[in-house]
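Student:
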């Protein structure tokens, strides 16, 4: 039986303000957004290297941003389930 994941359309997206503890989700979204934007445009090794660089999409970077009173980060999540959505 073939997977029908690519035709699944029942998932809604909820957008909410980020809070402490969302750092891992933000890292994943940052990396996946870069991958989606540049796959097929940039060399694959360069895309991977960018995503793996500590300063590009690092837990501590997002943790620092979340601690700044003037900084607002938002997260899109799939409903149901709460998985981050890019």
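Numbering (my numbering), first residue to last: -13 to 72.
The beta-carbon is built from N, C-alpha and C at its ideal position, and this holds for glycine as well.
Here the structure is a predicted model, which means the values were calculated and not measured.
(1) List the endpoints of the continuous beta strand (DSSP E) containing residue 14.
(2) Taking the continuous alpha helix (DSSP H) assigned at residue 49, which residues delimit it?
(3) Alpha carbon to alpha carbon, how far is residue 21 from residue 57?
(4) Could you pull out every residue in the same chain whose Cβ sits closer than 6 Å to the Cβ of residue 16, ignoring the five residues on either side in sequence?
(5) Answer yes or no: the CB of residue 23 versus the heavy atoms of the ligand GTP, is any distance below 6 Å?
(6) Would you mind working out which of -3, 65, 4, 11 sits nearest residue 55, comparing C-alpha positions?
(7) First and last residue of the alpha helix (DSSP H) that includes residue 34?
Tutor: In brief:
(1) What you label residue 14 is simply residue 28 of the chain shown in a count that begins at 1. Where residue 14 is concerned, there is no enclosing beta strand (DSSP E), although the alpha helix (DSSP H) around it starts and stops at 9 to 24.
(2) Against the chain shown, residue 49 aligns to sequence position 63. Here the alpha helix (DSSP H) through residue 49 covers 45 to 53.
(3) Translated into positions along the chain shown, residue 21 becomes position 35. Translated into positions along the chain shown, residue 57 becomes position 71. In a straight line, the C-alpha of residue 21 is about 25 Å away from that of residue 57.
(4) For the purposes of this step, residue 16 is identified with residue 30 of the chain shown, where counting begins at 1. The residues are 43.
(5) Among the components modelled here there is no ligand, and therefore nothing to report on the ligand GTP.
(6) Looking up residue 55 in the chain shown gives position 69. The shortest Cα separation from residue 55 among -3, 65, 4, 11 belongs to 4.
(7) Indexing the chain shown from 1 puts residue 34 at position 48. Unbroken alpha helix (DSSP H) run through residue 34: 30 to 38.
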